[in-house]
Structures are given as C-alpha cells and as structure tokens.
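Mapping the sequence shown onto the numbering used here, position 36 (from 1) lands on 39, and the numbers just tick up by one.
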Amino acid sequence: MAEHIYPIFDQTLNRQDKEALLKQRAVVVWMAGLSGSGKSTLAKGLERELHAQGFLTQLLDGDNLRSGINNNLGFSEADRLENIRRSAETAKLFLNAGLVTICSLISPTEEIRNLARNIIGEADFCEVYVNAPFEVCAERDVKGLYKKALNGEIKNFTGLDAPFEAPAQPALEIRTDLEDYSASLQKLLDLLLPRIKLCCC
Numbered sequence: 004m005a006e007h008i009y010p011i012f013d014q015t016l017n018r019q020d021k022e023a024l025l026k027q028r029a030v031v032v033w034m035a036g037l038s039g040s041g042k043s044t045l046a047k048g049l050e051r052e053l054h055a056q057g058f059l060t061q062l063l064d065g066d067n068l069r070s071g072i073n074n075n076l077g078f079s080e081a082d083r084l085e086n087i088r089r090s091a092e093t094a095k096l097f098l099n100a101g102l103v104t105i106c107s108l109i110s111p112t113e114e115i116r117n118l119a120r121n122i123i124g125e126a127d128f129c130e131v132y133v134n135a136p137f138e139v140c141a142e143r144d145v146k147g148l149y150k151k152a153l154n155g156e157i158k159n160f161t162g163l164d165a166p167f168e169a170p171a172q173p174a175l176e177i178r179t180d181l182e183d184y185s186a187s188l189q190k191l192l193d194l195l196l197p198r199i200k201l202c203c204c
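As structure tokens, then:
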C-alpha cells in the first residue's frame with residue numbers, strides 16, 4: 004500500500020556524481036517511428052559508435068523490452084500506454100545512473116510520447132523521429148509483419164488499422180527513405196556529441 008512506501012531518492016548518490024565518474028552527460032534518446040523505419044538499425048549503430056568513442060550507453064529496444072519486462076502486455080491502447088510507461092521508467096533509471104540511454108520504440112501517438120517525456124523530464128528527453136512512409140516500410144518488411152497485417156493476420160497494426168501520429172517538434176527527423184545509413188547516423192552523432200561531452204575546463 005502507498006502509505007507504507009518510503010522512497011530514499013534524497014539519500015542516494017545523485018546523477019551528477021555518476022556523470023562525473025563516467026565523464027559524460029546523460030540523456031535519453033527516444034527514437035520513434037513505424038516498424039521497419041530503421042529505428043533499431045540506427046540505435047544499434049549509435050550505441051556502437053558512442054561506445055567506440057568512450058561513452059557508456061544502454062540500448063532499450065521495444066522488442067527486447069516486450070520479451071522481458073513488458074512480456075505480459077499486448078497491443079491494446081491500455082497496454083501500449085503501460086508498455087511506454089514501464090519503458091520510460093526504466094530509461095529514467097539508466098539516465099539517473101549517468102548513462103546515455105537509447106530507446107527504440109514505435110511510440111505511435113503524441114499521448115504516448117508525452118507520457119514518456121513527462122516521466123523522463125523535458126530537459127533530458129531527446130526525441131528523434133525516424134521517418135519512412137508506410138509503403139517503404141511495408142516494402143522492406145524486415146520482420147515479415149506487414150505481410151501478415153495486410154493479410155489480416157495481425158490486428159491493431161500501427162500505420163494500418165492503428166494510428167501513427169508523426170512527432171510535431173522532434174529534436175531531429177531522419178528520413179531513412181531519402182538518405183543512407185551513414186548520413187543518418189552522422190546526424191544523430193552531430194546532435195548528441197555536443198550534448199553528452201562533459202566539459203573539463
């Protein structure tokens with residue numbers, strides 16, 4: 004019961020102590036977009052590149068989360084909200100540990116993304132829209148999901164019979180149908196490196 008919960012947030016080491024130890028600034032990079040838009044590919048590439056440059060990261064991929072902490076959730080509106088709530092709370096834990104946290108989740112609506120933003124905090128929430136049209140994602144069909152959805156085998160499929168609302172003001176929009184992987188990854192690095200480098204002057 005809530006009256007028997009006594010948080011000790013004010014007694015634990017703070018985030019700044021951990022950032023100083025790691026020599027980096029923490030941030031949550033929230034990558035949203037349709038299935039097949041390139042989120043996971045870019046997230047993996049970003050994590051590898053940041054690691055190579057000496058930054059400590061944690062990648063939270065939507066499918067990985069749904070196979071573990073969120074494995075009891077479906078795709079109803081309520082379950083989608085809970086999926087994002089848990090994912091954002093997990094990201095916040097890594098943020099407070101001083102890590103650069105990369106989240107790759109479809110995050111189909113403004114309501115869902117605002118839920119994540121409010122949990123993480125506006126100052127630490129870096130929204131990236133990985134944009135590719137439905138038709139392009141369906142042509143790629145990297146997981147075989149579009150074929151099943153178009154054949155009626157999957158219901159509430161985002162972009163088909165469940166809505167996807169494009170982010171209104173993302174920190175960065177990447178058009179993976181118009182530019183190659185290297186150019187997309189470089190845009191992410193250009194956005195993040197100035198933000199996560201800890202000034203030692």
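For every residue, glycine included, the Cβ atom is placed at its ideal position computed from N, Cα and C.
### Query
Rounded to the nearest angstrom, how far is the Cβ of Val32 from that of Cys129, given a contact under 8 Å?
5 Å
### Task
Determine the direct distance from the alpha carbon of Lys42 to that of Ser90, and round the result to whole angstroms.
16 Å
### Three CB pairs or more closer than 8 Å across the stretch 99 to 117 and the stretch 43 to 63
yes
### Task
Please list, in chain order, all residues of the same chain as Leu25 whose beta carbon is under 6 Å from its beta carbon, the five residues on each side excluded.
Leu59 and Gly101
### Task
Would you kindly report the start and end of the unbroken beta strand (DSSP E) that includes Gln61?
Thr60 to Asp64
### Query
First and last residue of the alpha helix (DSSP H) that includes Arg143?
Phe137 to Arg143
### Query
How long is the line joining the alpha carbons of Ala55 and Glu113, rounded to whole angstroms?
33 Å
#### Entry: Cβ-based neighbour list, Glu176, same chain, cut-off 6 Å, excluding 5 preceding and 5 following
Tyr132 and Asn134
### Query
Is the stretch 67 to 74 in contact with the stretch 165 to 176, if contact means three or more CB pairs nearer than 8 Å?
no
### Exposure of Gly36, with buried meaning 16 or more beta-carbon neighbours within 10 Å
buried
### Query
So, are the CB atoms of Ile115 and Ala94 less than 9 Å apart?
no
### Message
Considering only DSSP beta bridges, list what Asn74 is partnered with.
### Response
Note: Asn74 sits in no beta bridge, so no partner.
### Task
Go ahead and label Cys204 buried or exposed: buried means 16 or more other beta carbons lie within 10 angstroms of its beta carbon, across all protein chains shown.
Annotation note: pLDDT 47 at Cys204 (below 50); position unreliable, coordinate value reported separately. Answer is exposed; the Cβ neighbour count stays below 16.
### Task
For the stretch 163 to 204, list the beta strand (DSSP E) runs that are entirely contained and at least 3 residues long, ordered along the chain.
175 to 178
### Query
Is it true that the CB of Ser79 sits closer than 9 Å to the CB of Met34?
no
### Task
Mark Arg51 as exposed unless 16 or more other C-beta atoms lie within 10 angstroms of its C-beta, in which case mark it buried.
exposed
### Message
Within a Cβ cutoff of 7 Å, which residues of the same chain sit near Asp144, ignoring the five residues on either side of it in sequence?
### Response
Gly39 and Lys150
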